[in-house]
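*Asks:* In the order they appear, the protein sequences are chains A and B. Using the working numbering, the first residue of the first sequence is number 3, and each one after it goes up by one. Using the working numbering, the first residue of the second sequence is number 5, and each one after it goes up by one. The beta carbon of each residue, even a glycine, is placed where N, CA and C say it ideally should be. The structure that follows is given in the form of C-alpha cells.
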Amino acid sequence: AQSVTQPDIHITVSEGASLELRCNYSYGATPYLFWYVQSPGQGLQLLLKYFSGDTLVQGIKGFEAEFKRSQSSFNLRKPSVHWSDAAEYFCAVGAPASSASKIIFGSGTRLSIRP
Amino acid sequence: DTEVTQTPKHLVMGMTNKKSLKCEQHMGHRAMYWYKQKAKKPPELMFVYSYEKLSINESVPSRFSPECPNSSLLNLHLHALQPEDSALYLCASSHGQFANTGELFFGEGSRLTVL
C-alpha cells in the first residue's frame, strides 16, 4: 500500500522569499503524485500532478514540483511567495494499478508568510 | 462551470436530530466523494460513488448514510451523530472513474457541529 509523509508541520517564510515543501512517498513502483492547497475555511484545490514523463512539473499559481525516484520525493517549490500563498498544503499519492478510487493525503504543511 | 456546491455551509445539530448535507456538480463528472476532515488533519475518505453506484465505503458508521439520486447530486444523511463527528465534510468529484487518474474538484465543505 502506498503512503506519504510531509516532514514539516509548519513553515514560515518571508514574502518574496523562495519556498520548498517536502514530500516523501512509499510505493513499490512509480505512483501518481499530487499537491493540493487548502485556504482557511475552503476546500482543496489541485496545484499540480505527476503521472509520468518529465520529472519537473509546472502547476498553477507559479508552483512547480520535481519527482525524484532515487529519493522517493516530490517536493513543491515556488521562487517567490506572496502573502496569498498562506494556506495548508497537502501532498497526496495514488496507486496507478489500483482499482480503488483512493488518494492518500499526507498530514499537511501549514505555510505562514512573514510580511 | 467548474464548481462543486455544498449546502449548508454550517450545520449545528443535536445527537437525536436527522439532517442532510447536499452536494451538487454540473461538470459531467461520473465519480463523487465524501471526505471528513478534522481540524489540522488531512481529509479522510468516507464514500465513493461511481456512475451513481456506491463503490467504496470506508467502514463508515451507519449513522452516516450516503445517497446519489443522480449523476449531479450527492447527499449525506445524518442521524444520531456523536460529538466526535463534528468536522468539516467535503464533497468532491472527478471526471474519471478513479481519483488516481485525474483531478479531484472539492467543494468548500459543510462545517458540522454536533452538540
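Quick one: residues in its chain with C-beta nearer than 7 angstroms to the C-beta of Tyr91 (chain A), no 5 flanking neighbours on either side, listed in chain order?
*Replies:* On the first sequence, residue 91 (chain A) is found 89 positions in, with the first residue counted as 1. Closer than 7 angstroms at Cβ, skipping near neighbours: Leu23, Trp37, Val39, Leu78, Gly110, Thr111, Leu113.
*Asks:* For a test of the three-state rule: what should DSSP assign to Asn61 (chain B), helix, strand or coil?
*Replies:* Walking along the second sequence from the start, residue 61 (chain B) turns up at place 57. Strand, per DSSP.
*Asks:* May I ask which residues mark the beginning and end of the beta strand (DSSP E) holding Val118 (chain B)?
*Replies:* The count along the second sequence starts at 1 and reaches residue 118 (chain B) at position 114. Taken as a continuous stretch (DSSP letters only), the beta strand (DSSP E) holding Val118 (chain B) covers 114-118.
*Asks:* Going along the segment 26-39 of chain B in order, which residues come within less than 8 angstroms of chain A, judged by CB to CB distance?
*Replies:* From the segment 26-39 of chain B, only Ala35, Tyr37 have a Cβ closer than 8 angstroms to chain A.
*Asks:* Identify the contact partners of Lys104 (chain A) in chain D, using a Cβ-Cβ distance below 9 angstroms as the criterion.
*Replies:* Although the question refers to chain D, the structure presented lacks it and instead comprises the protein chains A and B.
*Asks:* With a threshold of 7 angstroms between beta-carbons, can Phe107 (chain A) be considered close to chain B, or not?
*Replies:* Reading the first sequence from its first residue, position 105 is the one you call residue 107 (chain A). So yes, Phe107 (chain A) belongs to the interface.
*Asks:* Could you run through the segment 39-72 of chain A and flag, in chain order, every residue whose CB is less than 9 angstroms away from some CB of chain B?
*Replies:* Of all residues in the segment 39-72 of chain A, Gln40, Gly43, Gln44, Gly45, Leu46, Gln47, Leu48, Lys51, Phe53 have a Cβ within less than 9 angstroms of some Cβ in chain B.
*Asks:* Report back the beta-carbon spacing between Val118 (chain B) and Pro87 (chain B) to the nearest angstrom; my notes put them in contact at under 8 angstroms.
*Replies:* Working through the second sequence from its first residue, we reach residue 118 (chain B) at position 114. Working through the second sequence from its first residue, we reach residue 87 (chain B) at position 83. Confirmed, about 5 angstroms.
*Asks:* With respect to the beta strand (DSSP E) encompassing Ala96 (chain B), which residues constitute its N-terminal and C-terminal limits?
*Replies:* Counting from 1 along the second sequence, the entry for residue 96 (chain B) is found at position 92. Start and end: 91-98.
*Asks:* Could you tell me which residues DSSP pairs with His83 (chain B) in its beta bridges?
*Replies:* Counted from its first residue, the second sequence places residue 83 (chain B) at position 79. Looking at the DSSP assignment, His83 (chain B) forms a beta bridge with B:Lys22.
*Asks:* Measuring CB atoms only, is the segment 6-17 of chain B touching the segment 52-70 of chain B, in the sense that at least three cross pairs come out at less than 8 angstroms?
*Replies:* No, the segment 6-17 of chain B does not touch the segment 52-70 of chain B.
*Asks:* Just to confirm my understanding: we take Arg34 (chain B), look at its own chain, exclude 5 residues before and 5 after, and list those with CB closer than 7 angstroms. What are they?
*Replies:* Taking the first residue of the second sequence as position 1, residue 34 (chain B) is located at position 30. Cβ within range, chain order: Ser54, Tyr55, Ser75, Gln101.
*Asks:* Inspect the CB distances between the segment 65-84 of chain B and the segment 25-45 of chain B and report whether three or more fall short of 8 angstroms.
*Replies:* Yes, since at least three Cβ pairs between the segment 65-84 of chain B and the segment 25-45 of chain B fall closer than 8 angstroms, the two stretches touch.
*Asks:* Looking at the secondary structure, which residues open and close the beta strand (DSSP E) in which Glu68 (chain A) lies?
*Replies:* For the purposes of this step, residue 68 (chain A) is taken as residue 66 along the first sequence, with counting starting at 1. Looking at the DSSP string, the run of the beta strand (DSSP E) that includes Glu68 (chain A) is 66-70.
*Asks:* Starting from Asp55 (chain B), trace the beta strand (DSSP E) in both directions and tell me its first and last residue.
*Replies:* In the second sequence, residue 55 (chain B) corresponds to position 51, counting from 1. Reading off the sequence shown, one finds Tyr at residue 55 (chain B), where the question assumed Asp. Counting along the chain, Tyr55 (chain B) falls outside any beta strand (DSSP E), and DSSP gives it neither H nor E.
*Asks:* Just verifying my parser: in three-state terms, what is the DSSP assignment at Ala94 (chain A)?
*Replies:* The sequence position of residue 94 (chain A) within the first sequence is 92, counting from 1. Strand.
*Asks:* Between the alpha carbons of Glu68 (chain A) and Thr32 (chain A), how many angstroms are there, rounded?
*Replies:* The count along the first sequence starts at 1 and reaches residue 68 (chain A) at position 66. The count along the first sequence starts at 1 and reaches residue 32 (chain A) at position 30. Straight-line Cα distance between these residues: approximately 13 angstroms.
*Asks:* Does the beta carbon of Pro46 (chain B) sit closer than 7 angstroms to a beta carbon anywhere in chain A?
*Replies:* As a first step, residue 46 (chain B) is located in the second sequence; it is residue number 42 there, counting from the start. Taking Cβ atoms only, chain A reaches closer than 7 angstroms to Pro46 (chain B), which makes this a yes.
*Asks:* Evaluate Ala3 (chain A) with the Cβ neighbour count: other Cβ atoms within 10 Å of its Cβ, from every protein chain shown; 16 or more gives buried, anything less gives exposed.
*Replies:* Within the first sequence, numbered from 1, the residue matching residue 3 (chain A) stands at position 1. Exposed, since its Cβ has fewer than 16 Cβ neighbours within 10 Å.
*Asks:* Output the distance between the C-alpha atoms of Glu17 (chain A) and Arg116 (chain A), rounded to the nearest integer angstrom.
*Replies:* Reading the first sequence from its first residue, position 15 is the one you call residue 17 (chain A). Reading the first sequence from its first residue, position 114 is the one you call residue 116 (chain A). Roughly 6 angstroms separates the two Cα atoms.
*Asks:* If you compare alpha carbons, which of A:Leu35, A:Leu50, A:Arg71 is closest to Phe65 (chain A)?
*Replies:* One-based indexing of the first sequence puts residue 65 (chain A) at position 63. Per the Cα distances, A:Leu50.
*Asks:* Note down, in chain order, every chain A residue with its Cβ under 9 angstroms from the Cβ of Glu107 (chain B).
*Replies:* Locating residue 107 (chain B) in the second sequence gives position 103, where the first residue counts as 1. Simply Phe36, Leu48, Lys51.
*Asks:* Alpha carbon to alpha carbon, how far is Gly113 (chain B) from Met50 (chain B)?
*Replies:* The sequence position of residue 113 (chain B) within the second sequence is 109, counting from 1. The sequence position of residue 50 (chain B) within the second sequence is 46, counting from 1. Each residue's Cα considered, the two are about 14 angstroms apart.
*Asks:* Helix, strand or coil for Glu105 (chain B), going by three-state DSSP, please let me know.
*Replies:* In the second sequence, counting from the first residue as 1, residue 105 (chain B) sits at position 101. Note on identity: in this sequence residue 105 (chain B) is Thr, with Glu being the wrong assignment. Looking at Thr105 (chain B) - three-state DSSP - the assignment turns out to be helix.
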